[in-house]
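Taking it in order: structure first as structure tokens, then the write-up.
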Amino acid sequence: MAEIFGYDVYKGLGLTAEAERAKSLSMANSDNFPRPNTYWFRDWLYPWYIQGQETKVLVNYFKLVAQYFPKYTGTNQYARSMNWGEFIHFSSGAAGINMKNQATIAFGWTSEMDNQFNKARSDFAAITYT
């Protein structure tokens, strides 16, 4: 996710040329997680950022995670890692729209991810989107 933060900072500071350079470089990068040739920025982060009203989606995401994701009692430390379904659900809540189709484009979609996503929608039902 670091790439989208860098892009957002450049945009926020009015450094348009730097923002465009960062965007171009990030669009070309692929990873082998969760599958070979995954274009995180091009296929997930940038579409999520645009559809979720840019900086607003970043702020909303971390607010939702802080508010709803399980923590150890009396601490700010998260009790466990987020699974794929939870990640897509929280990301959708932050954007205000269901990002499952975009996640399918970006990451593929397995029956396990679908089960996790449906469970996340039930477990964290206060997080809503269209």
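Residues in the sequence shown are numbered consecutively from 16, following my numbering.
Built from N, CA and C at the ideal position, the CB exists for glycine as well.
- Query: Counting pairs of Cβ atoms below 8 Å between the region 48-55 and the region 70-86, do you hit three or more?
  - Reply: With a cut-off of 8 Å, the region 70-86 and the region 48-55 do not count as touching, because too few Cβ pairs lie within range.
- Kindly indicate which residue of Phe139, Gln82, Leu60 has the alpha-carbon position closest to the one of Tyr22. Of Phe139, Gln82, Leu60, the residue nearest in Cα terms is Leu60.
- Item | Cβ separation of Ile65 and Gly108, assumed to be a contact under 8 Å, to the nearest whole Å | Rounded, the Cβ-Cβ distance is 17 Å, inconsistent with contact.
- Item | Nearest neighbour of Gln131, chosen from Gly100, Ala37, Ala110 [CA to CA] | Ranking the options by Cα distance to Gln131, first place goes to Gly100.
- Just mark Ser39 as buried or exposed, buried being the case when its beta carbon has 16 or more other beta carbons within 10 Å. By the 10 Å Cβ count, Ser39 comes out exposed.
- Message: If I follow the unbroken alpha helix (DSSP H) through Ser45, where does it start and stop?
- Response: Ser45: not part of any alpha helix (DSSP H); DSSP gives it neither H nor E.
- Could you tell me which uninterrupted alpha helix (DSSP H) segments, each at least 4 residues in length, are contained entirely in the region 60-98, listed from first to last along the chain? Complete alpha helix (DSSP H) runs here, min 4: 61-66, 70-83.
- Beta-carbon proximity check, Ile103 vs Tyr144, cutoff 8 Å: Going by beta carbons, Ile103 and Tyr144 fall outside the 8 Å limit.
- Note down the Cα distance separating Ala140 from Glu69, rounded to an integer number of angstroms. Spanning the two alpha carbons is a distance of roughly 24 Å.
- Message: Buried or exposed, going by whether 16 or more other CB atoms sit within 10 Å of the CB of Ala17?
- Response: Exposed, since its Cβ has fewer than 16 Cβ neighbours within 10 Å.
- Tell me where the alpha helix (DSSP H) around Gly111 begins and ends. From DSSP, Gly111 is part of no alpha helix (DSSP H); its letter is neither H nor E.
- Item | Alpha-carbon to alpha-carbon, Asp138 and Phe20 | If you draw a straight line from the Cα of Phe20 to the Cα of Asp138, it comes to about 28 Å.
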